[in-house]
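J.: Sending over a structure as structure tokens; questions will come in a sec.
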Amino acid sequence: MKLYVKYMVSQRCKMVVKEELEKLGLRHTVVDPGMVETRDDLTPEQREQLKVALLKSGLELMEDRKAILIEKIKNVIIEMIHYSDELPNVNYSDYISEKVGYDYTYLSNMFSEVKGITIQHFIITHKIEKVK
Numbered sequence: 000m001k002l003y004v005k006y007m008v009s010q011r012c013k014m015v016v017k018e019e020l021e022k023l024g025l026r027h028t029v030v031d032p033g034m035v036e037t038r039d040d041l042t043p044e045q046r047e048q049l050k051v052a053l054l055k056s057g058l059e060l061m062e063d064r065k066a067i068l069i070e071k072i073k074n075v076i077i078e079m080i081h082y083s084d085e086l087p088n089v090n091y092s093d094y095i096s097e098k099v100g101y102d103y104t105y106l107s108n109m110f111s112e113v114k115g116i117t118i119q120h121f122i123i124t125h126k127i128e129k130v131k
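Going by numbering that gives the first Met the number 0, the residue at position 8 of the sequence shown is 7; the numbering climbs one at a time, nothing skipped.
Dropping the structure here:
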């Protein structure tokens, strides 16, 4: 079962998620920033316990499909700018589209609709933040 966790981009966040899953006795693997895969389905009680535990650490278990997709886009950009040694040799639009698995126009329109800014503006903001 795939679980999507908002704000899970750093190593510390990944460790927190792993610890909480282990406390619940769930076998898992961290697949991507923001995504964990469990070998078994969660019971409603386990899902609620995980949700509460993650909130205490500033993380959030996501269930809305649009929110999950937006978070994937953000994680790809953050990883690309802050945690990658070098920027990709292709256009950002191609890179994001390939990583997320959707057409860039669709991703761009949805991102702008939900976040109120363009993907390009989000990228520029993070490049500036990295330089600071």
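Ideal placement from N, C-alpha and C gives every residue a C-beta, glycine not left out.
My guess is that R26 and T37 are in contact by the Cβ rule of under 8 Å, so how many angstroms apart are they, rounded?
T.: Residue 26 sits at position 27 when you count from the first residue of the sequence shown. Residue 37 sits at position 38 when you count from the first residue of the sequence shown. Going by Cβ atoms, the distance from R26 to T37 rounds to 7 Å, so yes, they are a contact pair.
J.: How many whole angstroms separate the CB atoms of V4 and L68, which I take to be in contact at a CB cut-off of 8 Å?
T.: In the sequence shown, residue 4 corresponds to position 5, counting from 1. In the sequence shown, residue 68 corresponds to position 69, counting from 1. Not confirmed; about 14 Å, so no contact.
J.: Using beta-carbon positions only, say whether T104 and S111 come within less than 8 Å of one another.
T.: If you number the sequence shown from 1, residue 104 lands on position 105. If you number the sequence shown from 1, residue 111 lands on position 112. Cβ distance not < 8 Å, so T104 and S111 don't count as in contact.
J.: Among H125, S96, L54, G57, whose alpha-carbon lies nearest the alpha-carbon of H81?
T.: The residue given as residue 81 occupies position 82 in the sequence shown. Closest in alpha carbon position to H81, among H125, S96, L54, G57, is H125.
J.: What first and last residue would you give for the alpha helix (DSSP H) that runs through E18?
T.: Residue 18 sits at position 19 when you count from the first residue of the sequence shown. Note, E18: alpha helix (DSSP H), 10 to 22.
J.: Under 8 Å by Cβ, that's how I've got I95 and L86 pegged, so tell me the actual separation to the nearest angstrom.
T.: Against the sequence shown, residue 95 aligns to sequence position 96. Against the sequence shown, residue 86 aligns to sequence position 87. In fact, because the Cβ distance is near 12 Å, the residues do not count as touching under 8 Å.
J.: Might you give, ordered along the chain, the residues of its own chain that have their beta carbon closer than 6 Å to the beta carbon of N134, omitting 5 neighbours on each side?
T.: Because the chain in this structure spans residues 0 to 131, residue 134 falls outside the shown range and cannot be described.
J.: Reducing DSSP to helix, strand and coil, say where V35 ends up.
T.: Here residue 35 refers to the residue found at position 36 when the sequence shown is read from its first residue. Strand, per DSSP.
J.: Note down, in chain order, each residue of its chain lying with its Cβ closer than 8 Å to the Cβ of V16, except the 5 sequence neighbours on either side.
T.: Numbered from its first residue, the sequence shown carries residue 16 at position 17. Same-chain partners within the cutoff: V4, M7, V29, V35, L53, L58.
J.: Ordered along the chain, which non-local residues of its own chain (more than five positions away) have a Cβ less than 8 Å from that of I122?
T.: Numbered from its first residue, the sequence shown carries residue 122 at position 123. Only residues of its own chain outside the window of five on either side were considered, and among them I76, I80, Y91 have a CB closer than 8 Å to the CB of I122, listed in chain order.
J.: For R11 and E44, what's the separation of their Cα atoms in angstroms?
T.: One-based indexing of the sequence shown puts residue 11 at position 12. One-based indexing of the sequence shown puts residue 44 at position 45. Taken atom to atom, the span from the alpha-carbon of R11 to that of E44 is near 25 Å.
J.: On the DSSP letters alone, give me the boundaries of the alpha helix (DSSP H) that K55 sits inside.
T.: As a position in the sequence shown, residue 55 is number 56, starting the count at 1. Looking at the DSSP string, the run of the alpha helix (DSSP H) that includes K55 is 43 to 55.
J.: On the DSSP bridge assignment, give the partners of M61 in chain order.
T.: Here residue 61 corresponds to residue number 62 of the sequence shown, with the count starting at 1. BP columns for M61 point to Y3.
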